[in-house]
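Written out below as structure tokens is the structure these notes cover.
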Ligand SMILES: [Zn+2]
């Protein structure tokens with residue numbers, strides 16, 4: 067099998083949903099976007115109605 071080694075290369079990246087910046091965290095405890103410093107990099111701006119808050123690509 068020549069596919070498994072791709073599994074070995076596991077790079078964890080985080081993409082900020084606010085500014086779109088992607089980085090590799092040095093710590094597992096990530097609190098802020100490395101670029102725009104928002105603590106809400108992992109979530110979209112909270113919609114008024116969460117049930118209608120589907121992720122849309124802009
Ligand atoms: Zn950001």
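In this note's numbering, the protein residues as written are 67 to 124. Every residue, glycine too, gets a C-beta built ideally from N, C-alpha and C. On a predicted model such as this, the values are computed, not experimentally measured, just so you know.
Nearest in C-alpha terms to residue 111, of all of 78, 77 and 82, is 82.
For residue 84, the shortest separation between its Cβ and any heavy atom of ligand 1 lies below 7 Å. Here residue 81 carries a strand assignment [DSSP, helix/strand/coil]. Just so you know, the alpha carbons of residue 98 and residue 89 end up roughly 11 Å apart.
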